[in-house]
Amino acid sequence: GAVVSQHPSWVICKSGTSVKIECRSLDFQATTMFWYRQFPKQSLMLMATSNEGSKATYEQGVEKDKFLINHASLTLSTLTVTSAHPEDSSFYICSADGREGYQETQYFGPGTRLLVL
Amino acid sequence: AQKVTQAQTEISVVEKEDVTLDCVYETRDTTYYLFWYKQPPSGELVFLIRRNSFDEQNEISGRYSWNFQKSTSSFNFTITASQVVDSAVYFCALRAQMDSSYKLIFGSGTRLLVRP
Numbered sequence: 003g004a005v006v007s008q009h010p011s012w013v014i015c016k017s018g019t020s021v022k023i024e025c026r027s028l029d030f031q032a033t034t035m036f037w038y039r040q041f042p043k044q045s046l047m048l049m050a051t052s053n054e055g056s057k058a059t060y061e062q063g064v065e066k067d068k069f070l071i072n073h074a075s076l077t078l079s080t081l082t083v084t085s086a087h088p089e090d091s092s093f094y095i096c097s098a099d100g101r102e103g104y105q106e107t108q109y110f111g112p113g114t115r116l117l118v119l
Numbered sequence: 004a005q006k007v008t009q010a011q012t013e014i015s016v017v018e019k020e021d022v023t024l025d026c027v028y029e030t031r032d033t034t035y036y037l038f039w040y041k042q043p044p045s046g047e048l049v050f051l052i053r054r055n056s057f058d059e060q061n062e063i064s065g066r067y068s069w070n071f072q073k074s075t076s077s078f079n080f081t082i083t084a085s086q087v088v089d090s091a092v093y094f095c096a097l098r099a100q101m102d103s104s105y106k107l108i109f110g111s112g113t114r115l116l117v118r119p
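Residue numbers (the working numbering), protein chains in the order written: chain P, 3 to 119; chain S, 4 to 119.
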């Protein structure tokens with residue numbers, strides 16, 4: 003099956019710094035990637051949909067100036083948490099749209115745990 | 004509305020018991036996909052199954068089985084002879100059209116604890 007990687011898997015930073023998370027589709031091209039956030043004991047919440055070569059579409063309530071998304075190529079999308087604060091501490095998961103046979107499916111990365119001190 | 008409901012927040016069973024995780028969905032789409040994912044403590048989502056809306060055939064994979072019923076908008080997941088390694092959070096999800104694109108809508112998840 004298709005593989006999606008995320009880097010880093012863990013990041014600890016001081017309040018006020020910016021953190022960049024990379025999401026790569028390793029063996030397929032993904033025109034669409036998705037970024038999710040998951041707080042402890044909660045479900046995955048879609049933050050934004052990232053389309054290669056165009057601006058990301060953010061879900062209601064997600065600050066686009068705080069969570070910068072860049073999808074510069076068909077295999078890479080990045081999420082930058084700008085001026086991170088403790089309340090941004092969460093588990094961030096990306097996924098990429100791929101095709102398995104004739105069906106579209108989403109492949110998930112392993113996630114990135116962000117802790118802001 | 005496009006929505007997935009997992010009414011069971013937590014389930015605790017003793018090893019070797021059978022357990023069924025419920026999933027009820029709402030969608031306005033005529034064609035859609037339903038998924039089940041397992042999320043162990045490591046956090047990485049493990050894909051379990053995808054079901055098309057036009058395929059109501061039930062599926063069995065080892066100790067796992069799924070019952071898809073369009074008449075009741077349900078897609079329930081049964082683990083037979085549960086094992087401690089089955090302990091995880093299980094998510095049901097619906098792939099449906101929202102805002103001109105297809106998105107995965109997750110249920111709130113069911114935390115399964117299998118005790119030895």
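Virtual Cβ for every residue (Gly too), placed ideally from N, Cα, C.
How is the beta strand (DSSP E) around V118/P delimited, first residue to last? T114 to V118
In the DSSP assignment, what residue or residues form a beta bridge with F127/S? Residue 127/S is absent from the structure shown; chain S starts at 4 and stops at 119.
Taking 8 angstroms as the threshold (C-beta atoms), are T77/P and S52/P in contact? no
Tell me, which residues are paired with H9/P by DSSP? E24/P
When the cut-off is 8 angstroms and only beta carbons count, does S56/P lie next to chain S? no
Quick one: which chain P residues come within Cβ less than 8 angstroms of S111/S? Q44 and S45
With a cut-off of 8 angstroms, does the C-beta of F69/P fall near any C-beta of chain S? no
Which same chain residues end up closer than 6 angstroms to E13/S when comparing Cβ atoms and leaving out the 5 residues on each side of it in sequence? R114
Go ahead and pull the three-state DSSP assignment for E89/P. helix
Classify Q42/S: buried if its beta carbon has 16 or more other beta carbons within 10 angstroms, exposed otherwise. buried
DSSP puts T113/S in a beta bridge; with which residues? Y93/S
N-terminal and C-terminal residue of the beta strand (DSSP E) that T51/P is part of: M47 to N53
Would you kindly report the start and end of the unbroken beta strand (DSSP E) that includes T81/S? S77 to I82
For A4/P and S20/P, what's the separation of their Cα atoms in angstroms? 30 angstroms
When the Cα atoms are used, what is the spatial distance from R115/P to T82/P? 14 angstroms
Report back the beta-carbon spacing between E18/S and V117/S to the nearest angstrom; my notes put them in contact at under 8 angstroms. 6 angstroms
Chain S contact residues for L48/P, given Cβ-Cβ distances below 7 angstroms: K106
Compute the distance between the beta-carbons of F80/S and W69/S, then report whether it is under 8 angstroms. yes
Quick check on the DSSP output: the beta strand (DSSP E) that includes E62/S runs from which residue to which? E62 to S64
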